[in-house]
Amino acid sequence: MTDSPQLPVTLDDIHAAAKLLDGVIAHTPIEQSRALGRLTGSEVYLKCENLQRAGSFKVRGAYVRMAKLSEEQKTRGVVAASAGNHAQGVAVAAARLGIKARIFMPLGVALPKLAATQGHGAEVVLHGHNVDEALAEAQRYADETGAVFVHPFDNVDIVAGQGTLGLELLEQIPNLDTVLMGVGGGGLLAGVAVAIKERARELGREVRIIGVQAENAAAYPPSLAADALVPLSKVSTIADGIAVGRPGQLPFSIIKELVDDVVTVSEDSLARALIFLLERAKLVVEPAGAVGVAALLDGKIQNPGNTAVILSGGNIDPMLMLKVIQRGLAAAGRYLVVRMLLDDRPGSLATISRIIAESDANVTGVDHTRVGGSISMGDVAITINMETKGHEHCEKVLQNLRAEGFHPVVLHG
Numbered sequence: 001m002t003d004s005p006q007l008p009v010t011l012d013d014i015h016a017a018a019k020l021l022d023g024v025i026a027h028t029p030i031e032q033s034r035a036l037g038r039l040t041g042s043e044v045y046l047k048c049e050n051l052q053r054a055g056s057f058k059v060r061g062a063y064v065r066m067a068k069l070s071e072e073q074k075t076r077g078v079v080a081a082s083a084g085n086h087a088q089g090v091a092v093a094a095a096r097l098g099i100k101a102r103i104f105m106p107l108g109v110a111l112p113k114l115a116a117t118q119g120h121g122a123e124v125v126l127h128g129h130n131v132d133e134a135l136a137e138a139q140r141y142a143d144e145t146g147a148v149f150v151h152p153f154d155n156v157d158i159v160a161g162q163g164t165l166g167l168e169l170l171e172q173i174p175n176l177d178t179v180l181m182g183v184g185g186g187g188l189l190a191g192v193a194v195a196i197k198e199r200a201r202e203l204g205r206e207v208r209i210i211g212v213q214a215e216n217a218a219a220y221p222p223s224l225a226a227d228a229l230v231p232l233s234k235v236s237t238i239a240d241g242i243a244v245g246r247p248g249q250l251p252f253s254i255i256k257e258l259v260d261d262v263v264t265v266s267e268d269s270l271a272r273a274l275i276f277l278l279e280r281a282k283l284v285v286e287p288a289g290a291v292g293v294a295a296l297l298d299g300k301i302q303n304p305g306n307t308a309v310i311l312s313g314g315n316i317d318p319m320l321m322l323k324v325i326q327r328g329l330a331a332a333g334r335y336l337v338v339r340m341l342l343d344d345r346p347g348s349l350a351t352i353s354r355i356i357a358e359s360d361a362n363v364t365g366v367d368h369t370r371v372g373g374s375i376s377m378g379d380v381a382i383t384i385n386m387e388t389k390g391h392e393h394c395e396k397v398l399q400n401l402r403a404e405g406f407h408p409v410v411l412h413g
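Quick note: the sequence shown, position 358, residue 358 per the working numbering, numbers continuous.
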């Protein structure tokens, strides 16, 4: 094997971080997924970091970063910025260490994440319309007051803390071949890559490390191709936990040396993965935590062997979950929404209901309107939501409606 590259975070750093975290964090369980195993022809295990304290892996790095502060630094307090998981991780770590924490969160942040951060004892200040604006304000506050800025990913102690997850994985699954996880700024991927790659090197074996990004928030593939940070002009994804437009410089320097690949998945794939985890694994996972499962479902990973997927968090806003479930069901052909223009006469809706019933679909909602820019006098617009049984069944329902002279336009499904 080749010599280990010189890295800013070492295996010794991660072992030291693990000692600091002893008794502080949960050693989260491993669940085998037989359903994913059948699809991939491999053994697939889920690392349930969604069950970690504060609902994600973020408390690992936050605690290590803050536990290593001097007493003088601790008295100044800490400041951070986040839309969710990092905020809660910092809040939990600060409460444990007796440090005052101020967290800047963007305006419009999900109320459950805001309430959870406050519930852990942190002072929350709403600022800006996105995380980047909140980060800038947090840095300004740190410069002005002397509070210690706790970056979400671009710090050696943060990366070392996240890397402790990799040590746990190898203890729980010694014969690992492949590890999948989501990547935003890169702190988790970098830390786990150091832990697993370097420990496997000591054992004389190889383990593949693969990052997964949402395709509408994928800064790593172009950055790795250019061997330089390539920021995105726009980020748009339901996976808000990895919606980062610019990789961290420190994680990037590690990832380009150690990580085998970074692949991307679509929004529909993310929604399907979340539904899969709910139905087949009985696990509530946020979209950012489900990206590894999405990559497996999409067949993005060839010959994975014994595979671990890190479910990095479970903090999902219930309203977002509702939207994701609907999108996931539609992507799987299990939820169909159609719109039709009809003559406004008695019996039209009854005829449509009969066709749908005879097609063995189940109506879950109907919207009936006579007013609108595209609706002529004497017409009515009908939007129908229905449960279906897959893409072939959706097509059968549509064909049956068309056979009776209707012209359904598919809105979802």
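Positions of the beta carbon are idealized from the N, C-alpha and C atoms, including for glycine.
Roughly how many whole angstroms lie between the Cα atoms of residue i and residue j?
i      : j      : result
Leu189 : Leu341 : 51 Å
Ala17  : Val44  : 28 Å
Val124 : Arg102 : 6 Å
Val338 : Asp367 : 10 Å
Leu278 : Phe57  : 20 Å
Ile418 : Val109 : Because the chain spans 1 through 413 in this model, residue 418 falls outside it and cannot be assessed.
Met181 : Ser348 : 51 Å
Glu257 : His27  : 28 Å
Leu297 : Ala116 : 32 Å
Asp22  : Glu72  : 24 Å
Gln272 : Gly289 : Before going on, a small fix: residue 272 reads as Arg here, not Gln. So the two alpha carbons sit approximately 13 Å from each other.
Gln172 : Glu49  : 13 Å
Asn385 : Val363 : 6 Å
Gln52  : Asp227 : 34 Å
Tyr63  : Ala332 : 40 Å
Gly204 : Leu7   : 19 Å
Glu267 : Val159 : 27 Å
Leu176 : His120 : 36 Å
Lys389 : Gln399 : 15 Å
Pro416 : Pro346 : Here the chain comprises residues numbered 1 to 413, so residue 416 is not present and cannot be evaluated.
With distances taken between CB atoms, is the gap from residue i to residue j smaller than 9 Å?
i      : j      : result
Leu170 : Ala200 : yes
Asp317 : Gly248 : no
Val212 : Lys197 : no
Leu274 : Ile325 : yes
Ala361 : His393 : yes
Val59  : Val9   : no
Quick one: what's got a C-beta closer than 6 Å to residue i's C-beta in the same chain, skipping five residues either side?
i      : result
Ala81  : Phe104, Ala134, Leu135 and Ala138
Ala414 : Since the first and last residues shown for the chain are 1 and 413, residue 414 lies out of range.
Ala195 : Ile14, Gly163, Gly166 and Leu167
Thr237 : Ala214, Asn216, Ala217 and Ala243
Ala294 : Val265, Ser269, Leu270 and Ala273
Pro112 : Asp317
Can you list, in chain order, the residues of its chain with a C-beta nearer than 7 Å to that of residue i? Leave out the 5 residues immediately preceding and following it.
i      : result
Glu286 : Gly241, Gly313, Gly314, Asn315 and Ile316
Gln118 : Val124
Met424 : Outside the displayed span of the chain (1 to 413) sits residue 424, for which this structure offers no information.
Ser223 : Leu229, Val230, Pro247 and Phe252
Ala281 : Glu31, Ser33 and Leu46
Lys396 : Ser359
Leu114 : Met105 and Val124
Please work out which residues of its chain come closer than 8 Å, Cβ to Cβ, to residue i, disregarding the five sequence neighbours upstream and downstream, and give them in chain order.
i      : result
Pro106 : Ala83, Leu126, His127, Gly128, His129, Asn130, Val131, Glu133 and Ala134
Val183 : Leu189, Gly211, Val212, Gln213, Tyr220, Ile242, Ile255 and Val262
Arg76  : Thr145, Gly146, Ala147 and Val148
Identify which residue in the options has its Cα closest to the Cα of residue i.
i      : options                           : result
Ser269 : Glu215, Ser223 and His412         : Glu215
Ile301 : Tyr335, Ser42, Gly23 and Ala35    : Ser42
Ala122 : Met181, Thr264 and Ala54          : Ala54
Arg370 : Ala115, Ala91, Asp344 and Thr264  : Asp344
Arg38  : Gly299, Ala271 and Leu114         : Gly299
Gly187 : Gly292, Ile382, Arg76 and Val156  : Val156
Gly305 : Lys19, Ser266 and Thr178          : Thr178
Val380 : Ile355, Lys234, His407 and Arg402 : His407
Glu387 : Gly328, Arg402 and Gly405         : Gly328
Identify every run of the alpha helix (DSSP H) within the segment 34-58, keeping only runs that are complete inside it and at least 4 residues long; order them along the chain.
Segments of the alpha helix (DSSP H) lying fully in the segment 34-58: 34-40.
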